[in-house]
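**Student:** Heads up: the sequence shown is residues 163 to 741, going by the numbering used here.
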Amino acid sequence: MAQYDVIIEGGRYFDGTGAPSAIRNLAIKNGRIAKVTAAPIAHTDAKRVIDATGKWVTPGFLDTHTHYDAELLVSPSLSESVRHGVTTVLVGSCSLSMICSDYEDASDIFTRVETVPRERVLPILKAHKTWSTPKQWVEHIKQMPLGPNVVSFLGHSDLRVGVMGLSRATDLEIRPTEAEMQAMETHLKEALDQGFLGLSTMCLKWDKIDGDREWSKSLPSTYAQWAEIARLNKLVRQYNRVHQGAPNAATPLQILQYVRECLGWLRRPLKTTLISQMDLKGSAYLTNLTKLTSLFTNALRGDFRWQVLPTPFTVYADGIDVVFFEEFGAGEMALDLKDAVERNELLKDEAYRRKFRKFYGEKLSPRVWQRDFGDATIIDCPDSSLIGKNFEEVARARNIHVVDLFLDLVVEFGKKIRWYTTVGNHRKQVLKRIVKDPRSLITFSDAGAHIRNMAFYNLPLRMLKLVHESIEEGDPIMTMEQAVHRLTGDQADWFGIDAGKIREGDRADVVVLDPAGFGQNLEAVYWGEMENFDLQRLVNRNPGIVKTVLINGKLAVDEEEFSPEFGRAMGFGAFIPAQ
163 MAQYDVIIEG GRYFDGTGAP SAIRNLAIKN GRIAKVTAAP IAHTDAKRVI DATGKWVTPG
223 FLDTHTHYDA ELLVSPSLSE SVRHGVTTVL VGSCSLSMIC SDYEDASDIF TRVETVPRER
283 VLPILKAHKT WSTPKQWVEH IKQMPLGPNV VSFLGHSDLR VGVMGLSRAT DLEIRPTEAE
343 MQAMETHLKE ALDQGFLGLS TMCLKWDKID GDREWSKSLP STYAQWAEIA RLNKLVRQYN
403 RVHQGAPNAA TPLQILQYVR ECLGWLRRPL KTTLISQMDL KGSAYLTNLT KLTSLFTNAL
463 RGDFRWQVLP TPFTVYADGI DVVFFEEFGA GEMALDLKDA VERNELLKDE AYRRKFRKFY
523 GEKLSPRVWQ RDFGDATIID CPDSSLIGKN FEEVARARNI HVVDLFLDLV VEFGKKIRWY
583 TTVGNHRKQV LKRIVKDPRS LITFSDAGAH IRNMAFYNLP LRMLKLVHES IEEGDPIMTM
643 EQAVHRLTGD QADWFGIDAG KIREGDRADV VVLDPAGFGQ NLEAVYWGEM ENFDLQRLVN
703 RNPGIVKTVL INGKLAVDEE EFSPEFGRAM GFGAFIPAQ
């Protein structure tokens, strides 16, 4: 009998703690790292030997901001993340878990916000959702052939709807009764007892409900008074877990409510992570505000971390269907209309166009979109003469206002005109300063959501490339050991989960990657099948980088190919409870 299941030899070994890397040999047995040594390990001692010469051996990466909640139920391999070395994913972000609410409510608070079609998600939930409590969900997940490990927040919108019902939870005149508050606390306590990482909430008003019953209302979490959130946070603080939130971008000072909750005066600090610190083209000053918020809060005994996307934030759109148009009245009016004929009549109306042009001309109010159609490139259109041009160029050629040009094209072509713009993180030097902050979380991929709008499934690789290039250029952001740590052990430690390190005795979630592959464009997107959804979505494809992925000591990716049993057999990923 072989002494070990797998040997990985000759690679540059990063243990996930930030300690110096070195050439080491690893032996894996029964899902754990059995040995790490500079000495050779006899090949006869293992069933499989992997030659990692010239490559890096790292812990599996954590993706701590995904929306795989529905996809997990029918495609538990979550292969779009695993192919890039992700071995642990966090679901339940942005107040949107699928735990307490019934199947239709869970679908309707999720699909429009995360732009995954309702006609795909609703049947999946109707067929598979048999649980209504956190414990029941955990029991269900434990019976699934998971690809990566799974950790979860309990979403406040989900919790609120499960207790109050969708209509009452989205009525400004209604506050939860004492009995309803106690019921929410009971569910939250059960979730924390089961190992959920904490509570996710939402204050951003532009995230809207789908379906026919409460169409286009904001998410239920946005209707809660802060006293309700603070009361729930008492439990989160008691368990030393995490509050994930999203401030309202239109009212930046609202962040002070999160700061007050986070502070640890005469009490334990509340671990708090917010979405998101970004160098926005349209609101460059917010970068300084977010930095000051972090410094101030942590200086006053808080435990605060912004989520940071370590790459340009590029968004693709079909016609007028793009989420950041929800931030202003004219865009919101158009997106609120389901019927294409009715929407087109609105877009042709001159009074409506005046409203749109007025907003477009306002450059000082807080905003995510930079309000610049000259910074938006057309990449697909029935009129091929427009492809490759920006809207401003076309408007000048036709001698009309760019807003009128955009609306004319949407009326003419609808969703068949496709374009993209980079909203933020466009200045590399500023991005380097943001990711360098040790109190940030390198995350915010939104994996599993916005399937036609963006793809950051390879977020960890983009971070490693950014740091690797800075070292080669002689101006390092940080060491490679620190970069790996930020994507692995740092996040695992902060969230309090058993992951992110590959020392002797640790869980054997391991990635073997070839840094020579970083020369390719990691920002490129492609179309790929969304398994069991009968849909195409934007994905990343980076051949030559991630060679091998082991999850719980089992080969998930072997020489860049998925194991035949991956996503079908038990024994790979597991539900990991917070400690």
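The beta-carbon is built from N, C-alpha and C at its ideal position, and this holds for glycine as well.
1) Per DSSP, which one or two residues make a beta bridge with D225?
2) Which parts of the segment 377-413 are runs of the alpha helix (DSSP H), unbroken and 4 residues or longer, counting only runs that do not cross its ends?
3) If I'm right that V398 touches Q356 with Cβ under 8 Å, what's the distance once you round it to whole angstroms?
4) I'd like to check one pair, W531 with F486: are the Cβ atoms closer than 7 Å?
5) What does DSSP give as the partner residues of L316 in its beta bridges?
6) I'd like the span of the beta strand (DSSP E) that includes M163, first residue to last.
7) Counting pairs of Cβ atoms below 8 Å between the segment 573-582 and the segment 192-208, do you hit three or more?
8) Under the rule that 16 or more other beta-carbon atoms within 10 Å means buried, what is A232, buried or exposed?
9) In the DSSP assignment, what are the bridge partners of F553?
10) Count Cβ pairs between the segment 432-446 and the segment 399-408 that sit closer than 8 Å; are there 3 or more?
11) Less than 7 Å between the beta carbons of F724 and R282, yes or no?
12) If F272 and T249 are in contact, beta carbons under 8 Å, what's the gap, nearest whole angstrom?
13) Can you tell me the Cα-Cα spacing of E276 and H630, whole angstroms?
14) CB-CB under 6 Å to D270, same chain, minus the five flanking residues each way: which ones, in chain order?
15) Helix, strand or coil, according to DSSP, for Y230 in the structure here?
16) DSSP has T719 in a bridge; who is on the other side?
17) Take W388 and list the residues in its own chain whose beta-carbon comes closer than 7 Å to its own, dropping the five residues that flank it on each side.
18) Let's see if you can read the secondary structure: which residues bound the alpha helix (DSSP H) around E352?
19) From G491, V236 and G327, pick the residue whose C-alpha is nearest to that of M346; which is it?
20) Out of T583, E512 and N460, which one is the CA nearest neighbour of D566?
21) Figure out for me which residue from D207, E634 and V585 has the closest Cα to the Cα of V168.
22) Three-state secondary structure (DSSP) at D483?
23) According to DSSP, simplified to helix, strand and coil, what is W531?
24) Taking three-plus beta-carbon pairs below 8 Å as touching, is the segment 317-337 in contact with the segment 375-391?
25) Under the three-state reduction of DSSP, which class applies to N460: helix, strand or coil?
26) In this structure, does DSSP put R186 in helix, strand or coil?
27) DSSP three-state call for I596: helix, strand or coil?
28) Determine whether the beta carbon atoms of E352 and K288 lie at a separation below 7 Å.
29) What residue range does the beta strand (DSSP E) around Q682 cover?
30) Does the beta-carbon distance from G247 to V219 come in below 7 Å?
31) When the Cα atoms are used, what is the spatial distance from E554 to E488?
32) I need the boundaries of the alpha helix (DSSP H) containing D566, first residue and last residue.
33) Decide if I596 is buried, meaning its Cβ has at least 16 other Cβ atoms within 10 Å, or exposed.
**Tutor:** To lay it out plainly:
1) Bridge partners of D225 according to DSSP: V251.
2) As for any alpha helix (DSSP H) of minimum length 4 sitting wholly inside the segment 377-413, the runs are 388-400, ordered along the chain.
3) At roughly 14 Å, the Cβ-Cβ gap does not stay under 8 Å, so V398 and Q356 are not in contact.
4) F486 places its beta carbon less than 7 Å from that of W531.
5) BP columns for L316 point to L361.
6) For M163, there is no enclosing beta strand (DSSP E), as DSSP gives it neither H nor E.
7) They do not touch, by the three-pair rule.
8) Per the 10 Å Cβ criterion, buried.
9) F553 is not bridged by DSSP to any residue.
10) They touch, by the three-pair rule.
11) For the 7 Å CB-CB criterion, F724 and R282 do not form a contact.
12) That belief does not hold up - the Cβ atoms of F272 and T249 are roughly 25 Å apart, past 8 Å.
13) Rounded to whole angstroms, E276 and H630 show a C-alpha spacing of 32 Å.
14) For D270, where only same-chain residues beyond five positions count, the Cβ hits under 6 Å are I371, D372 and G373.
15) Correct three-state label for Y230: coil.
16) The question names Thr, yet the displayed sequence has Val at residue 719. Beta-bridge annotation (DSSP): V719 is paired with V711 and F724.
17) Result list for W388: Q419, in chain order.
18) Going by DSSP, E352 is part of the alpha helix (DSSP H) stretching over E340 to Q356.
19) Of the listed residues, the one whose Cα sits closest to M346 is G327.
20) It is E512.
21) Distance from the Cα of V168 is smallest, within the candidate group D207, E634 and V585, for D207.
22) In this structure, D483 counts as strand in the three-state DSSP scheme.
23) In the structure shown, W531 adopts coil according to DSSP, grouped into three states.
24) When Cβ pairs closer than 8 Å are counted between the two stretches, the segment 317-337 is seen to touch the segment 375-391, the count reaching three or more.
25) If DSSP states are grouped into helix, strand and coil, N460 belongs with the helices.
26) Judged by DSSP in its simplified three-state form, R186 adopts strand.
27) I596 falls in the helix class under three-state DSSP.
28) Result no, Cβ atoms of E352 and K288 do not sit closer than 7 Å.
29) Boundaries cannot be given for Q682, as no beta strand (DSSP E) includes it and DSSP labels it neither H nor E.
30) In this structure, G247 keeps its C-beta atom at 7 Å or more from the C-beta atom of V219.
31) Computed Cα separation, rounded: 22 Å.
32) Start and end: V564 to F575.
33) By the Cβ-count criterion, I596 is buried, with 16 or more other Cβ atoms from all chains shown falling within 10 Å of its own Cβ.
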